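Here the structure comes first, spelled out in structure tokens, and everything after it is commentary.
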Ligand code: GLY
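Numbering (the working numbering), first residue to last: 19 to 437.
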């Protein structure tokens, strides 16, 4: 009885809407994970103190390549992850300097609330301001989040039933322009809209988010629950023009991080809407990922499930000789670990146990020296071996700020299941 009453209250205070839905999986958690999680968080907090010491005040850590730190301005889609990771690590350690550093970055990030040029505002603002607001409850952060949601909602097209991801862009192979591209990643930006609906009482944010998810479910998810990265639309008629890739191996392949964005995104949309179709989609996508014959034993995927295979004609110049060993993508592993912890709370017992076991394996793999960088190495990032954009030959086998963010989130999510 004690556990049944105490745990949800604790979770509620930490994760708000996320925690409310977490009930069943508490009973499946493996108490032995505590040791791994405690030592990984301790190491992570130290590593981020080091990252803070080498990061210019007005810049945002992005990656570390060829022994150089790569940072960005607030405008980059990855800018919210560093403050978000600091917020998670603060939550665990209560080290005030981590929260202070997160808040100092928000001062530079705030201007992005009016950025209507990108769909990435969910990543940029919810992962940063959203987490810091959850901890501090400062009104000014709430206002930034509401304005960010308005900017994001402005990209919604009711004919298509989707938020536009990128502005008009040339296809990867240069053969055409895409007027209204939507990427599976966009599922992740919807959480900002659900938040805005709850905090303002304005249902239009939630309606837009739910409709976007419904359209993505119809057009991005294949019958076997794998996923297309990009779907392009005619913005006047709302019809699908094409199904493509921009960051994956081939149009009909399954880009691992895209599949991960889908698993995480549909799980979150189910939490926010209670619509079982989204749960079915999240489970189907998770099962595709976990049962795939090309998923390595440590459950950290290759950057694309079909990389280098025949039957997946690549429309860009994939150089097999350049990648004799297919790179892994730890960022996909980290975000799927986090998503599976949540998903395990919504399914039947058998599935829930299976999802949580898989998340445990992923956390253990990521926390091992195979992926976790030694202290003060790896440019201060936590995880090694992610792939940003291999099709453009950028950020291959490197650390990435978003891999760290979802890893820290997975550690915290698992921790809340433990006594
Ligand atoms: N949203 C961009 C990426 O996943 O690389």
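In this text, a Cβ means the ideal position worked out from N, Cα and C, and glycines have one as well. Owing to the predicted nature of the structure, the values given are computational and were not obtained by experimental measurement.
Along the region 90-166, the alpha helix (DSSP H) occurs as fully enclosed runs of 4 or more residues at 99-111, 114-127, 149-154, listed in sequence order. The DSSP-derived three-state label of residue 88 is strand. Distance from the CA of residue 49 to the CA of residue 377, rounded to the nearest whole angstrom, comes to 14 Å. By the CB criterion at 9 Å, residue 100 and residue 59 fall outside the cutoff. Per DSSP, reduced to three states, the secondary structure at residue 259 is strand. In the structure shown, residue 279 adopts helical secondary structure according to DSSP, grouped into three states. Excluding five sequence positions before and after residue 412, the CB atoms of its chain that fall closer than 7 Å to its own CB belong to 406, given in chain order. Exclusion of residue 261 from the 8 Å shell around the ligand GLY follows from its C-beta lying no nearer than that to any non-hydrogen atom of the ligand. With a 10 Å radius around the Cβ and a threshold of 16 neighbouring Cβ atoms, residue 53 comes out exposed. Excluding its 5 nearest sequence neighbours in each direction, residue 430 has C-beta neighbours in its own chain below 7 Å: 106, 109, 110, listed in chain order. Relative to the ligand GLY, residue 423 has its C-beta separated by 8 Å or more from all heavy atoms. Assignment of residue 404 by DSSP, reduced to helix, strand and coil, places it in the strand class.
Note: residue 251 is bridge-paired with 198, 258 in the DSSP secondary-structure output. A Cβ-Cβ separation of about 5 Å places residue 361 in contact with residue 285 under the 8 Å criterion. Shortest gap from the CB of residue 141 to any heavy atom of the ligand GLY: under 8 Å. When the beta-carbon positions are compared, residue 230 and residue 202 stay at least 9 Å from each other.
Around residue 260, the same chain offers 250 as residues with beta carbons nearer than 6 Å, after the five sequence neighbours per side are excluded. Here residue 206 has 140, 141, 279, 282, 283 as same chain residues with Cβ atoms under 7 Å from its own Cβ, once five neighbours each way along the sequence are excluded. Collapsing the DSSP output to three states places residue 175 in a strand.
Counting along the chain, residue 213 sits inside the alpha helix (DSSP H) bounded by residues 208-218.
Two segments are said to touch when three or more pairs of C-beta atoms, one from each, lie closer than 8 Å; by this definition the region 86-103 touches the region 142-149.
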